[in-house]
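Going line by line, the protein sequences match chains A and B. Just so you know, the first sequence maps onto residues 1 to 616 in our numbering. Just so you know, the second sequence maps onto residues 617 to 990 in our numbering.
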Amino acid sequence: MPTRVAIKDYLFESRLFMQRSVQALVFAALLIAALVSRLIYLQVVAHEHYITLSDDNRIKILPLPPNRGLIFDRNGLILADNLPSYRLEITPEQIHDIDATLDALSQLVNIRDVDRKRFDQLLKRTPAFKPVPLRFRLSDEEVARFAIDRHRFPGVDIVAGLSRHYPHGPLTAHALGYVGRIDERDLQRIDGSDYSGTTHIGKVGIEKTYEDLLHGSVGYRQVETNAEGRVLRTLVRTPPTPGQNLYLTLDVELQNVVDQTFGERAGAAVAIDPNNGDVLAFVSKPAYDPNLFVNGIDTAAYKALRNDDKQPLFNRALRGQYPPGSTIKPFVGLGGLEYGITSPHAHTFCPGFYQLPGKDRKYRDWKRRGHGTVDLTNAIAQSCDVYFYDLALSMGIDRLHEFLSRFGFGERTGIDISGELPGLLPSRQWKRAARNLPWFPGETLITGIGQGFMLTTPLQLASATATLSRFGERMRPHVVASTQVYGDIELTPLQVEPVPDIPVEKRQDWIDVIHAMREVVLGKRGTARKVGRNAKYEFAGKTGTAQVFGLKEEEKYDAEKLAEKLRDHSLFISFAPLDNPRIAVAVIVENGGSGSAVAAPIARTILDQYLLEPAS
Amino acid sequence: MSTLLDSHREDASLRDWQHILHLDAALLFGLLALSTMGLFVLYSSAGGDEPLLMRQIVRLGIAFGAMVVIAQLRPQWLQRWTPWLYGLGLILLIAVLVAGDIGKGAQRWLDFGFVRFQPSEMMKLAVPMMVAWYLSDKRLPPTGWRLLIAGALIVVPVLLIASQPDLGTSLLIGSAGFFVLFLAGLSWRLLGGLTLLGAAGAPVLWHFMHDYQRQRVITFLNPEQDPLGAGYHIIQSKIAIGSGGLFGKGWLNGTQAHLEFLPERSTDFIFAVLGEEFGLVGIAALLIMYSFVIVRSLYIATQAQDTYGRLLGGSLALTFFIYIIVNTGMVTGLLPVVGLPLPLVSYGGTSMVTLMAAFGILMSIHTHRKLLPT
Numbered sequence: 001m002p003t004r005v006a007i008k009d010y011l012f013e014s015r016l017f018m019q020r021s022v023q024a025l026v027f028a029a030l031l032i033a034a035l036v037s038r039l040i041y042l043q044v045v046a047h048e049h050y051i052t053l054s055d056d057n058r059i060k061i062l063p064l065p066p067n068r069g070l071i072f073d074r075n076g077l078i079l080a081d082n083l084p085s086y087r088l089e090i091t092p093e094q095i096h097d098i099d100a101t102l103d104a105l106s107q108l109v110n111i112r113d114v115d116r117k118r119f120d121q122l123l124k125r126t127p128a129f130k131p132v133p134l135r136f137r138l139s140d141e142e143v144a145r146f147a148i149d150r151h152r153f154p155g156v157d158i159v160a161g162l163s164r165h166y167p168h169g170p171l172t173a174h175a176l177g178y179v180g181r182i183d184e185r186d187l188q189r190i191d192g193s194d195y196s197g198t199t200h201i202g203k204v205g206i207e208k209t210y211e212d213l214l215h216g217s218v219g220y221r222q223v224e225t226n227a228e229g230r231v232l233r234t235l236v237r238t239p240p241t242p243g244q245n246l247y248l249t250l251d252v253e254l255q256n257v258v259d260q261t262f263g264e265r266a267g268a269a270v271a272i273d274p275n276n277g278d279v280l281a282f283v284s285k286p287a288y289d290p291n292l293f294v295n296g297i298d299t300a301a302y303k304a305l306r307n308d309d310k311q312p313l314f315n316r317a318l319r320g321q322y323p324p325g326s327t328i329k330p331f332v333g334l335g336g337l338e339y340g341i342t343s344p345h346a347h348t349f350c351p352g353f354y355q356l357p358g359k360d361r362k363y364r365d366w367k368r369r370g371h372g373t374v375d376l377t378n379a380i381a382q383s384c385d386v387y388f389y390d391l392a393l394s395m396g397i398d399r400l401h402e403f404l405s406r407f408g409f410g411e412r413t414g415i416d417i418s419g420e421l422p423g424l425l426p427s428r429q430w431k432r433a434a435r436n437l438p439w440f441p442g443e444t445l446i447t448g449i450g451q452g453f454m455l456t457t458p459l460q461l462a463s464a465t466a467t468l469s470r471f472g473e474r475m476r477p478h479v480v481a482s483t484q485v486y487g488d489i490e491l492t493p494l495q496v497e498p499v500p501d502i503p504v505e506k507r508q509d510w511i512d513v514i515h516a517m518r519e520v521v522l523g524k525r526g527t528a529r530k531v532g533r534n535a536k537y538e539f540a541g542k543t544g545t546a547q548v549f550g551l552k553e554e555e556k557y558d559a560e561k562l563a564e565k566l567r568d569h570s571l572f573i574s575f576a577p578l579d580n581p582r583i584a585v586a587v588i589v590e591n592g593g594s595g596s597a598v599a600a601p602i603a604r605t606i607l608d609q610y611l612l613e614p615a616s
Numbered sequence: 617m618s619t620l621l622d623s624h625r626e627d628a629s630l631r632d633w634q635h636i637l638h639l640d641a642a643l644l645f646g647l648l649a650l651s652t653m654g655l656f657v658l659y660s661s662a663g664g665d666e667p668l669l670m671r672q673i674v675r676l677g678i679a680f681g682a683m684v685v686i687a688q689l690r691p692q693w694l695q696r697w698t699p700w701l702y703g704l705g706l707i708l709l710i711a712v713l714v715a716g717d718i719g720k721g722a723q724r725w726l727d728f729g730f731v732r733f734q735p736s737e738m739m740k741l742a743v744p745m746m747v748a749w750y751l752s753d754k755r756l757p758p759t760g761w762r763l764l765i766a767g768a769l770i771v772v773p774v775l776l777i778a779s780q781p782d783l784g785t786s787l788l789i790g791s792a793g794f795f796v797l798f799l800a801g802l803s804w805r806l807l808g809g810l811t812l813l814g815a816a817g818a819p820v821l822w823h824f825m826h827d828y829q830r831q832r833v834i835t836f837l838n839p840e841q842d843p844l845g846a847g848y849h850i851i852q853s854k855i856a857i858g859s860g861g862l863f864g865k866g867w868l869n870g871t872q873a874h875l876e877f878l879p880e881r882s883t884d885f886i887f888a889v890l891g892e893e894f895g896l897v898g899i900a901a902l903l904i905m906y907s908f909v910i911v912r913s914l915y916i917a918t919q920a921q922d923t924y925g926r927l928l929g930g931s932l933a934l935t936f937f938i939y940i941i942v943n944t945g946m947v948t949g950l951l952p953v954v955g956l957p958l959p960l961v962s963y964g965g966t967s968m969v970t971l972m973a974a975f976g977i978l979m980s981i982h983t984h985r986k987l988l989p990t
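Spelled out as structure tokens, the structure:
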């Protein structure tokens, strides 16, 4: 080897190597400089940016949903509360054989196919360390059975949560509404961030109208998580603000009595305190159990409700639009007086029918023999149709429309329950727009007795009756009286948007009409004199019978022959006591027949209960 | 010439024990310092996993042992056996392709029943040794046929390894061989020509790449394109380093590493853990240590007494640099993701032994110099 080396130019090669080493070193230094400048960029220049990204990585914000506000009746009885409910959860990573576990569990708790399906879907989407719910709302028995065998199921847990509960069930369903799981439609109208972590939202009724107050505001927990999303520790905790409690104007005792009185019949009753618009009772029959909707009603049960002939889901008090029938007569009569078209002493002869001048068609009175000569008091007390045909014709549709609209007919009362319908107060303009037809005088006649196009809701009728009882002082009906901030004792009354009062031409006109209404129940010949018997207070009322089925001119109404659902609706409006009214009611019994027979007794029961029974 | 030798004699008197043990104190010190720092970072990146740390210590022990053993071998002896080692390596590489075990989608291992062996590791040393051996017996710089043959000695094993496929190792071996040529005085004109050829050949290379390799290049060019897939590594490692700032989040306090956002944090991406926990200051310390080892190694090469030792030593030193720059470049997002560990810091087996064997060769070259009489 040394001999070979000797041939080579040792010095040259050594110098060449030295040169190349230095060049390589310079090159390496350049690369290191590039690396260092990159590091300076990452760690000094863009440091803040990367700190943010790093925190975003590890810090997650977990919502703390607020507890929903409670709902009480006017006496402090609870109508909607949050009950602990138990759900069964499985943490997949703690379980060897999920199928075997599920099979074993199904011996203890009822696991339906739908539960299983939902569980399988959730299982795929959830990291293994996060619990997956299998069953909601376990019964006490299931909880107990599982508790005994719990040791056999590591990784299976019973978790307590809060679930909305309506202790009175169907009784308050139509007033309160219910909450349900948030769906796509709800997401469009809510602020998503405020609802993060919240699963339920008010769907109908007060639960919907007062969603903002009831919901409260969400709290947050800042947690540190690892890459899998497992929570390691809590950094900051901002507690949620629970929703406000609501105190209603409803009297659940009264509500219960009304409900009982209705029995199996379909219909609605609304009772209002005329002094302030407080809705004391709000009943729509039949009703449904709102608790079924809270955690999702199953299809079969929902179908049964939907297909029920009596439509339990239909809120008749709020959305039922019925012809007011003769209950409109006091209002028409008052209009006649206020416009000076008639006077309390003016008489009309009732032969049992009415004919427009020059026309053949006979407009019949409900009493074929006729009422003979009647004045306003008799006409209202005996519900003479002919008197009101005549009066309506004299007033004309324009004045009729104008006067009735003062009581809020044909428009929403603005009650704080969502979904109200306006009814219909016909006018020339309306008919032209809706039907493209002129107004006919015959239509004026039947409007005068609350038939034809006119439609009112039970709520509107009750509200108008309250207004009448207070000489035109209008109060917007409402069901929520006051709110209560969580943890506070005092209540904050809710302001109700005022409605302008009806101008009174002559106070005596109102007194006359109210007197006539008194005669309906307390007079010797009043149509509802039966319900006035033994009353311990003075009161006023008016019966009504609304035709569901048009009778031909000469046909006689025979309830026995008609199928039940074609029978007339029975109506009654009333208020009491006479001198200082504290309650005004409207009752409608669908297909109940005449107003005096069915609706009036229900109204009487309501008055008795409210005025005579001491509040519990 | 005489001045050069004089300095050696002077040194020799000071370094008695180093000559007896055939170790270079400065290099040994640098390597031990690096290993110690590496163990600290690894302890953190592994989340305090002590058994893992123990395994790494054992592995370091074996690797340092290998270094000491190889340092005892005379360079002349290594030189004599070079062609045989290279030949054996080639045969084993072919054997791997025919009958190798598949691990992580690539054929790299030979299973002898009692031990699994990665022939490409052996070639990391055998290739630069072979090229140095071939070039050292004639005049430098090499030209013509000699250059072509030297090129073939490099390209054949590189292609064999690339087809396993193991891009990182073939890159290292290719550079190791190239550095021998470069240090032997490969003309700049030829170098420029080769660069142009490489640029032209890139599309051809692209054609022969595996999908996952292409994906790495695409990911390198635009990591945000696939933030949850292939780009995830780079995005997370940049976040780790960037959020470390000047002084870092402190040892064991790196959220990126400890909350498992950073993948491969104990192996290929451990540099990001260092950057996150110790900041720019910690990285600078590490780079200074690396630079010290590289400069010392190059110095040793310049002090070698024959061409073989010089070329081989220089190549090994520069290859060590390639390791570092490729790994750190990858972790900081400057280079595509190539599966190379950070030497002496990353958790890992075979490559560490090879690496330390290379330092053994350097020490052997330095400590077996003959003190020629004046």
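All C-beta atoms, glycine included, are put in the ideal place defined by N, C-alpha and C. Nothing here was measured: the structure is a model prediction, and the numbers come from that model.
Measuring straight from C-alpha to C-alpha, what distance separates residue i and residue j?
i, j, result
"leucine 807 of chain B", "arginine 696 of chain B", "30 Å"
"threonine 273 of chain A", "valine 521 of chain A", "Contrary to the premise, residue 273 of chain A reads as aspartate rather than threonine in this sequence. The straight-line gap from Cα to Cα measures roughly 20 Å."
"proline 441 of chain A", "histidine 345 of chain A", "26 Å"
"arginine 567 of chain A", "glycine 320 of chain A", "16 Å"
"leucine 978 of chain B", "leucine 878 of chain B", "35 Å"
"valine 252 of chain A", "glycine 267 of chain A", "18 Å"
"methionine 454 of chain A", "leucine 400 of chain A", "12 Å"
"isoleucine 588 of chain A", "aspartate 278 of chain A", "20 Å"
"tyrosine 50 of chain A", "proline 127 of chain A", "27 Å"
"alanine 104 of chain A", "lysine 124 of chain A", "21 Å"
"histidine 823 of chain B", "leucine 775 of chain B", "14 Å"
"leucine 376 of chain A", "valine 257 of chain A", "34 Å"
Smallest Cα separation from residue i: which of the options?
i, options, result
"leucine 928 of chain B", "B:Ile834, B:Gly793, B:Leu810", "B:Gly793"
"alanine 818 of chain B", "B:Glu892, B:Val833, B:Leu643", "B:Val833"
"valine 159 of chain A", "A:Asp140, A:Leu176, A:Ala175, A:His174", "A:Asp140"
"leucine 313 of chain A", "A:Gly419, A:Ala392, A:Leu612, A:Ile59", "A:Gly419"
"proline 66 of chain A", "A:Ser193, A:Val223, A:Arg316", "A:Ser193"
"tyrosine 750 of chain B", "B:Lys740, B:Phe936, B:Leu764, B:Ser962", "B:Leu764"
"threonine 619 of chain A", "A:Ala381, A:Leu318, A:Arg150", "With chain A covering 1 to 616 only, the question about residue 619 of chain A has no answer from this structure."
"proline 957 of chain B", "B:Gly801, B:Ala800, B:Thr785", "B:Thr785"
"isoleucine 855 of chain B", "B:Met825, B:Leu875, B:Leu862, B:Ala888", "B:Ala888"
"leucine 39 of chain A", "B:Gly945, B:Ala711, B:Leu797, B:Ala974", "B:Gly945"
With which residues is residue i paired in a DSSP beta bridge?
i, result
"alanine 748 of chain B", "In the DSSP output, where bridge partners are listed per residue, alanine 748 of chain B has none listed."
"lysine 542 of chain A", "A:Ile573"
"isoleucine 583 of chain A", "A:Ala576"
"tyrosine 220 of chain A", "A:Pro63, A:Thr238"
Which chain B residues are close to residue i, counting only those with a beta carbon under 8 Å from its beta carbon?
i, result
"valine 44 of chain A", "Gly861, Leu862, Leu896"
"leucine 39 of chain A", "Ile857, Gly891, Leu896, Ile899, Thr948"
Could you tell me which chain B residues have their CB closer than 9 Å to the CB of residue i, listed as they occur along the chain?
i, result
"phenylalanine 17 of chain A", "Leu756, Leu799, Ala800, Gly801, Ala917, Thr918, Ala920, Thr923, Arg926, Leu927, Gly930"
Starting from residue i, trace the beta strand (DSSP E) both ways and give me its first and last residue.
i, result
"arginine 237 of chain A", "231-238"
"lysine 285 of chain A", "278-285"
Along chain A, which residues have their Cβ under 8 Å away from the Cβ of residue i?
i, result
"threonine 944 of chain B", "Leu35"
Could you list which residues in chain B have their beta carbon closer than 7 Å to that of residue i, in chain order?
i, result
"glutamate 13 of chain A", "Leu756, Thr923"
Give the range of the alpha helix (DSSP H) segment to which residue i is assigned.
i, result
"lysine 530 of chain A", "529-532"
"asparagine 943 of chain B", "923-947"
"valine 179 of chain A", "Taken as a continuous stretch (DSSP letters only), valine 179 of chain A belongs to no alpha helix (DSSP H), being part of the beta strand (DSSP E) at 179-181."
Going along chain A, which residues have a C-beta under 9 Å from residue i?
i, result
"phenylalanine 877 of chain B", "Ser54, Asn57, Arg58, Asn226, Ala227"
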